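This report refers to the structure that appears directly beneath it.
Number of protein chains: 2
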Amino acid sequence: MKLTSKGRYAVMALTDLTLYYKNGPVSLRDISLRQNISLLYLEQIFLKLRKYKIVESIRGKKGGYRLSRKASDIRLSEILSAVDENVKTVRCIKHLKKGCNGKSIKCNTHKLWDELDGHINSFFEKKLLSDLAHKNDLEKRL
Amino acid sequence: MKLTSKGRYAVMALTDLTLYYKNGPVSLRDISLRQNISLLYLEQIFLKLRKYKIVESIRGKKGGYRLSRKASDIRLSEILSAVDENVKTVRCIKHLKKGCNGKSIKCNTHKLWDELDGHINSFFEKKLLSDLAHKNDLEKRL
DNA sequence: TATATTCCCGACTTATTTAGTCAACTATAA
DNA sequence: TTATAGTTGACTAAATAAGTCGGGAATATA
């Protein structure tokens, strides 16, 4: 089990965005340089974040992105599901085809994976973007 | 994030083993047939389970495997780590190379992943093999 | 002792997913 | 009118996971 870098990057980038947003929007170029994430890859990621209304885009020169809500209103679970890091460990569907109908021993372990899903999801639902972005972290570095 | 099928199979197979063990050892062939998991793949998995002293093997005709301890003494975390499902979401090492030293904003999110690791690990540490294998599940099907 | 069964083990192939790139476009500030 | 920055789909490369193969060793039983 692992979290892929896409979700990690999304969280990192949004933390950066939260910290560096002041008056104007923050460009991906800047985030890319600061966080050392490929610009082209960031574009892919922010496309999804925009579709899920986590960020808003401003085009053109001086353009960039800004959060569409307060950081304290954005759950990490939303971010991860936006970039398709679906915290869904196992789907029974595959097995159904082979005779797993929820009654047989084959399904003995399903409840376990369901519980696990719930366990992980609740972790990310409790965490807010604002929990990660502390202004003082930023100031220390300047 | 997802749990791979290797870990899933390991848990399924051991649940099966627990339920079907009576006097003699249980062969992988039987588990393979009941759980619909490739025999060759099971061999791979049980090799690791044996190395980690979760099961013991009995060779030869009428051979097979048995648990090396009571099911109530086997944590799921052991099973998963045996088959290399290391529940380690992110290692900072990769990033260190690119300048992540635990102080910069790049590491802002690390604490998060560490917490997540702990959260998931504690889930699997609390769960025992015996929690999954209930004799009555078996009897219902006979 | 011969044979079938079962575990043992490394190497190999294939499939799937993730990570990252490219090219061509649209909008807008200066 | 030009440089900047987001938009989009398609593409490639790399990594990982899943699964297979072939040959070997141990042992119960006939």
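Residue numbers (the numbering used here), protein chains in the order written: chain C, 14 to 155; chain V, 14 to 155.
Ideal Cβ positions, reconstructed from N, Cα and C, are used throughout, including at glycine.
Quick caveat: nothing in here was measured; it's all calculated off a predicted structure.
With a threshold of 16 other CB atoms inside 10 Å of the CB of residue i, please say whether the residue is buried or exposed.
{"i": "C:Gly-37", "result": "exposed"}
{"i": "C:Ser-135", "result": "exposed"}
{"i": "C:Tyr-22", "result": "buried"}
{"i": "C:Gly-73", "result": "exposed"}
{"i": "V:Leu-60", "result": "exposed"}
Can you check whether the CB of residue j is closer than 8 angstroms to the CB of residue i?
{"i": "V:Lys-140", "j": "V:Leu-89", "result": "yes"}
{"i": "C:Leu-125", "j": "V:Leu-145", "result": "yes"}
{"i": "C:Arg-82", "j": "C:Tyr-34", "result": "no"}
{"i": "V:Ile-58", "j": "C:Ile-133", "result": "no"}
Would you give the residue range spanned by the beta strand (DSSP E) that residue i belongs to?
{"i": "C:Leu-80", "result": "77–80"}
Ordered along the chain, which non-local residues of its own chain (more than five positions away) have a Cβ less than 8 angstroms from that of residue i?
{"i": "V:Leu-52", "result": "Leu-41, Arg-42, Ser-45"}
{"i": "C:Gly-77", "result": "Gly-37, Pro-38, Val-39, Ser-40, Leu-41, Asp-43, Ser-70, Ile-71"}
{"i": "C:Asp-29", "result": "Val-39, Ile-44, Arg-47, Gln-48"}
{"i": "V:Ile-50", "result": "Tyr-22, Met-25, Ala-26, Ile-44"}
{"i": "V:Phe-137", "result": "Arg-88, Leu-89, Ser-90, Leu-93, Val-100"}
{"i": "V:Tyr-65", "result": "Glu-91, Ser-94, Ala-95"}
{"i": "V:Val-68", "result": "Leu-27, Leu-30, Phe-59, Leu-62, Tyr-78, Arg-79, Leu-80, Ser-81"}
{"i": "V:Lys-75", "result": "Gly-37, Pro-38"}
By the DSSP assignment, the alpha helix (DSSP H) with residue i in it spans what residues?
{"i": "C:Val-68", "result": "Where C:Val-68 is concerned, there is no enclosing alpha helix (DSSP H), although the beta strand (DSSP E) it sits in stretches over 68–71."}
{"i": "C:His-147", "result": "Here C:His-147 belongs to no alpha helix (DSSP H), and DSSP marks it neither H nor E."}
{"i": "V:Leu-32", "result": "18–33"}
{"i": "V:Ser-94", "result": "89–95"}
{"i": "C:Gly-131", "result": "123–139"}
{"i": "C:Ile-58", "result": "52–64"}
{"i": "V:Asp-43", "result": "41–48"}
Give every residue of the same chain whose Cβ lies closer than 7 angstroms to the Cβ of residue i, excluding the five residues on either side of it in the sequence, and list them in chain order.
{"i": "C:Ser-85", "result": "Leu-141, Ser-143"}
{"i": "V:Lys-107", "result": "Here the model assigns V:Lys-107 a pLDDT of 41, short of 50, so the residue's position is not dependable and the matter cannot be decided."}
Excluding the five sequence neighbours on either side, which residues of its own chain have a C-beta within less than 6 angstroms of the C-beta of residue i, listed in chain order?
{"i": "V:Asp-127", "result": "none"}
Please list, in chain order, the chain V residues whose beta carbon lies closer than 8 angstroms to that of residue i.
{"i": "C:Lys-140", "result": "Leu-125"}
Going along chain C, which residues have a C-beta under 9 angstroms from residue i?
{"i": "V:Ile-133", "result": "Met-14, Leu-129, His-132, Ile-133, Phe-136"}
Quick one: which chain C residues come within Cβ less than 8 angstroms of residue i?
{"i": "V:Val-68", "result": "Near V:Val-68 there are no residues of chain C at all, since even the closest Cβ is about 17 angstroms away, more than 8 angstroms."}
{"i": "V:Val-24", "result": "Thr-122, Leu-125"}
Residue i versus chain V: which residues are under 9 angstroms apart at the beta carbon?
{"i": "C:Leu-145", "result": "Asn-121, Thr-122, Lys-124, Leu-125"}
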